[in-house]
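Protein chains in written order, with my numbering: chain F, 1 to 162; chain D, 1 to 162; chain L, 1 to 162.
Read through the structure below, which is laid out as structure tokens, and then see the notes.
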Amino acid sequence: MNVTVPHEQMIQTGARALLAAYTYVLDEGPLTEWPSFFTQPCLYRITTRQNEERNMPLSIMLCDNQAMLYDRVEAVEKANIFEPHYYRHVLSDSRLLRSSAGAIVMETSFICVRTMLDGRMCLFAAGKYVDEVVVEDDRWLFRAKTVVLDSSQVDTLIAKPL
Amino acid sequence: MNVTVPHEQMIQTGARALLAAYTYVLDEGPLTEWPSFFTQPCLYRITTRQNEERNMPLSIMLCDNQAMLYDRVEAVEKANIFEPHYYRHVLSDSRLLRSSAGAIVMETSFICVRTMLDGRMCLFAAGKYVDEVVVEDDRWLFRAKTVVLDSSQVDTLIAKPL
Amino acid sequence: MNVTVPHEQMIQTGARALLAAYTYVLDEGPLTEWPSFFTQPCLYRITTRQNEERNMPLSIMLCDNQAMLYDRVEAVEKANIFEPHYYRHVLSDSRLLRSSAGAIVMETSFICVRTMLDGRMCLFAAGKYVDEVVVEDDRWLFRAKTVVLDSSQVDTLIAKPL
Numbered sequence: 001m002n003v004t005v006p007h008e009q010m011i012q013t014g015a016r017a018l019l020a021a022y023t024y025v026l027d028e029g030p031l032t033e034w035p036s037f038f039t040q041p042c043l044y045r046i047t048t049r050q051n052e053e054r055n056m057p058l059s060i061m062l063c064d065n066q067a068m069l070y071d072r073v074e075a076v077e078k079a080n081i082f083e084p085h086y087y088r089h090v091l092s093d094s095r096l097l098r099s100s101a102g103a104i105v106m107e108t109s110f111i112c113v114r115t116m117l118d119g120r121m122c123l124f125a126a127g128k129y130v131d132e133v134v135v136e137d138d139r140w141l142f143r144a145k146t147v148v149l150d151s152s153q154v155d156t157l158i159a160k161p162l
Numbered sequence: 001m002n003v004t005v006p007h008e009q010m011i012q013t014g015a016r017a018l019l020a021a022y023t024y025v026l027d028e029g030p031l032t033e034w035p036s037f038f039t040q041p042c043l044y045r046i047t048t049r050q051n052e053e054r055n056m057p058l059s060i061m062l063c064d065n066q067a068m069l070y071d072r073v074e075a076v077e078k079a080n081i082f083e084p085h086y087y088r089h090v091l092s093d094s095r096l097l098r099s100s101a102g103a104i105v106m107e108t109s110f111i112c113v114r115t116m117l118d119g120r121m122c123l124f125a126a127g128k129y130v131d132e133v134v135v136e137d138d139r140w141l142f143r144a145k146t147v148v149l150d151s152s153q154v155d156t157l158i159a160k161p162l
Numbered sequence: 001m002n003v004t005v006p007h008e009q010m011i012q013t014g015a016r017a018l019l020a021a022y023t024y025v026l027d028e029g030p031l032t033e034w035p036s037f038f039t040q041p042c043l044y045r046i047t048t049r050q051n052e053e054r055n056m057p058l059s060i061m062l063c064d065n066q067a068m069l070y071d072r073v074e075a076v077e078k079a080n081i082f083e084p085h086y087y088r089h090v091l092s093d094s095r096l097l098r099s100s101a102g103a104i105v106m107e108t109s110f111i112c113v114r115t116m117l118d119g120r121m122c123l124f125a126a127g128k129y130v131d132e133v134v135v136e137d138d139r140w141l142f143r144a145k146t147v148v149l150d151s152s153q154v155d156t157l158i159a160k161p162l
């Protein structure tokens, strides 16, 4: 009845597949593929829920181009400051926030469990992704991704990206 | 081959979208929208798995009309007896239990993480939703929702609804 | 544009429904239905991520036919060596790894929460399922299921299958 509905649904399906693929790269590697999920330029931010609710623009981390993302990957792979660990993300259903021709913004609740090499396991992070997804050259990409953490105590600076 | 299949699938898709929207309202607010997910009258119960398996009708909480749901919202928002906190729900796939014309009953496993304002985070609840979903005036609504908690130690009385 | 796409999508939908049904049987019972999710012969393995990454064929548990699966069910139900407990699985999106005519291999991240009868609740396991799914006599079945645990400390030998 409405030609825009199938189009939007197609975008939502593609955006969700992008997000799922993104979390598998974080969890399974290789981390060097992480920047390829973003447009150039892009916006990748980690912030806290309390900052977002107060409309404070503070970010725990902010990258606005792919070079910064690659720097981050290199730091993680070479610095070895932190103890090696695995992530495991589990996603809940996405909620559509806004959509326009060729772009949608959606949010997705997630939980991330971290496991250290010696076997210790903990609930590392809970929060949501707010993703602006676009299609460029037939590829689904994040133009902007904000990781909103429910807790302000998550130590993300010396670890893998979320 | 069977005309009822598309109809059932449509209902399942709608029921799942309703459940996802419900959890986002619990996690992101505003909590005042919580009662609007239910029919009038309705049935909202929280119980434990052990009670359910023994067929004991005991409920930790029971509301059978929207006024009771609104009372609960008011208590949460005004009483301030409990420490402020956030929820984060993650849903697994739903399983269809029964369906009839215009109504389905499905169950959905979930995990809920709670984060206090100071950043402390814990696995708050695990269990399943058993939902009876109907369509009234083109809106998907819960006619009955039972929250079955795996643990009997979850303190739900002085907190936000699940 | 490609006739194989709908076919693959159908298989993926069926494979996912199989996996969801599988986790509900583990979480809700009856456990005696667990072997019926597999072909005969089959392969059911539990291993750790570190073993997999080192290409070590070590398994924490290995069953290669239905009789071994039924033995395991009987051990769980009769031995009573371990303390009674519930599982609650939450699945993230699946990722397709390989597909051929009538068979697909996919992986699916999961988290499992364990609750003891006295109410104690813990994050029991995180990891992924790697599933080879086939259709036999119009039924979706696991021809091979590997449970890859992120942690090497999960005690799976004296508990219910994952």
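We treat Cβ as the ideally placed atom computed from N, Cα and C, and that holds for glycine.
Span separating the alpha-carbon of residue 150 (chain F) from that of residue 122 (chain D): Whole-angstrom Cα-Cα distance: 11 Å.
Reduced DSSP secondary structure (H/G/I, E/B, other) of residue 133 (chain L): Three-state DSSP puts residue 133 (chain L) in a strand.
Euclidean distance between Cα positions of residue 21 (chain D) and residue 73 (chain D): Across the structure, residue 21 (chain D) and residue 73 (chain D) are spaced so that their CA atoms are roughly 17 Å apart.
Buried or exposed (CB count within 10 angstroms, at least 16 for buried), residue 58 (chain L): Classification for residue 58 (chain L): exposed.
Residue 162 (chain D) burial status per 10 Å Cβ neighbour count (16 or more: buried): By the beta-carbon neighbour count (other beta carbons within 10 angstroms, threshold 16), residue 162 (chain D) is buried.
C-beta neighbour in chain L for residue 150 (chain D), strict 8 Å: Residue-level contact by beta carbon holds for residue 150 (chain D) and chain L, with a gap shorter than 8 Å.
Closer than 8 Å at the beta carbon, the chain B residues around residue 21 (chain L): Reference to chain B is not applicable here, since the protein chains of this structure are F, D and L.
Residues sharing a beta bridge with residue 166 (chain F), DSSP: Summary: the structure shown does not reach residue 166 (chain F), with chain F confined to residues 1 through 162, and so no result is reported for it.
Three-way DSSP call (helix, strand, coil) for residue 117 (chain F) in this model: For residue 117 (chain F), the secondary structure class from DSSP, reduced to helix, strand or coil, is coil.
Chain-ordered neighbours of residue 139 (chain L) on chain D, where CB pairs are closer than 8 Å: The contacting residues do not exist; residue 139 (chain L) stays about 17 Å from chain D at best.
DSSP state of residue 35 (chain F) mapped onto helix, strand, coil: Three-state result, residue 35 (chain F): helix.
Contact test: residue 64 (chain L) Cβ vs the ligand SAM heavy atom, cutoff 7 Å: This structure lacks the ligand SAM; in fact it carries no ligand of any kind.
Contact list for the segment 34 to 50 of chain L against chain D, Cβ threshold 7 Å: Here the close residues number zero.
Start-to-end residues for the alpha helix (DSSP H) that takes in residue 71 (chain D): Boundaries of the alpha helix (DSSP H) around residue 71 (chain D): 66 to 74.
Limits of the unbroken beta strand (DSSP E) element including residue 98 (chain D): Taken as a continuous stretch (DSSP letters only), the beta strand (DSSP E) holding residue 98 (chain D) covers 85 to 100.
Nearest to residue 38 (chain F) (by Cα), restricted to the options F:55, F:28, F:27 and F:18: The residue with the shortest Cα to Cα distance from residue 38 (chain F) is F:18.
Buried versus exposed call for residue 100 (chain L) [16 or more other C-beta atoms within 10 Å across all chains shown]: Taking every protein chain shown into account, the CB of residue 100 (chain L) has fewer than 16 other CB atoms within 10 angstroms, so this residue is exposed.
Check whether residue 34 (chain L) and residue 26 (chain L) have beta carbons under 8 Å apart: Yes. Within cutoff.
Classification of residue 3 (chain D) by the beta-carbon crowding that lies within 10 angstroms, buried from 16 upward: At residue 3 (chain D) the pLDDT is 35, less than 50, meaning the model places this residue with poor confidence and gives no usable figure here.
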